[in-house]
């Protein structure tokens with residue numbers, strides 16, 4: 518083999534032999550390897566063309582490669598275009614599916630966040646009663662079996678109980694009238710945010726009286742409840758809380774505009790929300806704390822029982838005359854409160870509350 522190559526080099530010259538090797542040996546294989554790349558990946562013609570080339574004699578390869586060039590142009594290019602389009606459709610389908618999945622996850626997360634942390638209803642602070650607010654709150658009250666209230670005094674809780682028609686279990690958390698710090702801190706807050714001519718001592722006296730009026734109101738509302746459990750705590754939160762079976766209402770009295778508005782901004786959360794469960798758990802923790810001061814009023818509680826209970830809660834003996842004065846003041850509060858909730862007509866049809874045994 519080597520002798521033959523040397524003889525050909527001697528006869529034809531080195532350059533001629535090299536050119537022949539390139540033209541009949543290297544060039545056909547190189548071109549065919551380029552042509553097969555036109556076909557899509559894994560196309561059977563890729564392997565077929567390479568195998569056919571090996572079966573073609575060297576002297577006929579140039580003509581054969583030229584023939585395959587035309588075949589590949591009219592056969593391989595359409596196959597490649599079809600393959601590219603199919604890949605794009607698959608990729609677009611995957612992208613669309615992925616986009617829809619992401620959108621579904623985002624929407625699900627948005628709904629979860631909205632349900633867990635965002636209020637179902639928002640009522641802005643106003644100087645006039647909002648009919649929608651009162652209508653929805655009273656609907657929640659009339660549909661609930663348990664009514665939990667947390668505020669500085671129990672006036673609003675007692676008023677709502679008297680305005681409702683359903684007997685229920687009620688729990689109330691109010692400020693401890695025997696804790697001077699609670700009243701002083703609330704008085705200072707009202708003094709800072711109230712009118713400039715407010716007097717600190719007058720605010721203190723008004724707050725102490727509101728607690729007593731609220732207690733009298735809860736006593737008057739006892740026939741609307743299975744029982745009224747009262748917990749007094751030092752320095753309750755500024756925001757008023759009203760919790761029902763299906764919702765919780767948070768009146769933002771701690772908002773900077775709440776003091777200047779008669780009706781503060783109020784948020785309603787459904788029972789499926791995180792806020793509802795958090796507020797309920799916190800309420801039950803306080804109302805059931807073994808170290809707390811807890812009291813109970815039932816339909817069987819007499820006036821004498823209540824006067825003794827009032828002394829235990831407030832530390833002050835309440836006479837019959839003082840009781841009647843507080844009862845008159847609570848009736849005045851009810852007269853102002855019932856039109857606000859647009860139920861004054863219903864109030865006129867209710868039997869007078871029993872205050873005796």
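Residue numbers (our numbering): 518 to 874.
Cβ coordinates follow ideal geometry from the N, Cα and C atoms, glycine included.
- In the DSSP assignment, residue 821 falls within the alpha helix (DSSP H) that extends over 820 to 831.
- Residue 669 is not bridged by DSSP to any residue.
- Under the DSSP assignment, residue 719 falls outside any beta strand (DSSP E), being part of the alpha helix (DSSP H) whose first and last residues are 717 to 737.
- The beta carbons of residue 782 and residue 640 sit closer together than 8 Å.
- Distance check between residue 751 and each of 669, 729, 583, 685 places 669 closest, using alpha-carbon atoms only.
- In this structure, residue 553 keeps its C-beta atom at 8 Å or more from the C-beta atom of residue 582.
- For residue 780, the secondary structure class from DSSP, reduced to helix, strand or coil, is strand.
- Look at residue 744 here: in three-state DSSP terms it is strand.
- Counting only the Cα atoms, residue 676 lies some 17 Å from residue 767.
- The Cβ-Cβ distance between residue 634 and residue 791 falls below 8 Å.
- Here the alpha carbon of residue 659 sits roughly 19 Å from the alpha carbon of residue 797.
- Residue environment analysis places residue 742 among the buried positions, since at least 16 neighbouring C-beta atoms fall within 10 angstroms of its C-beta.
- Taking the Cβ atoms as the reference, residue 763 lies roughly 23 Å from residue 748, outside the contact range of under 8 Å.
- Pairwise C-beta distances place the stretch 556 to 565 in contact with the stretch 584 to 604, as three or more of them are shorter than 8 Å.
- Just measuring C-alpha positions, the residue of 702, 693, 839, 684 sitting nearest residue 718 is 702.
- Note that the stretch 703 to 712 does not touch the stretch 643 to 655; fewer than 3 beta-carbon pairs, one per stretch, sit closer than 8 Å.
- Taking the C-beta atoms as reference points, residue 643 is found nearer than 8 Å to residue 780.
- About 12 Å separates the beta carbon of residue 566 from that of residue 578, a gap too long to meet the 8 Å contact definition.
- In this structure residue 728 is not in contact with residue 674, their Cβ atoms being roughly 12 Å apart against a cut-off of 8 Å.
- The beta-bridge partner set that DSSP reports for residue 663 consists of 686.
- Among the bridge pairs identified by DSSP, residue 692 is matched with 750.
- Apart from sequence neighbours up to five positions away, the residues of its chain that approach residue 715 with a beta-carbon distance below 8 Å are 707, 708, ordered along the chain.
- Judged by DSSP secondary structure, residue 566 falls within the alpha helix (DSSP H) whose first and last residues are 561 to 572.
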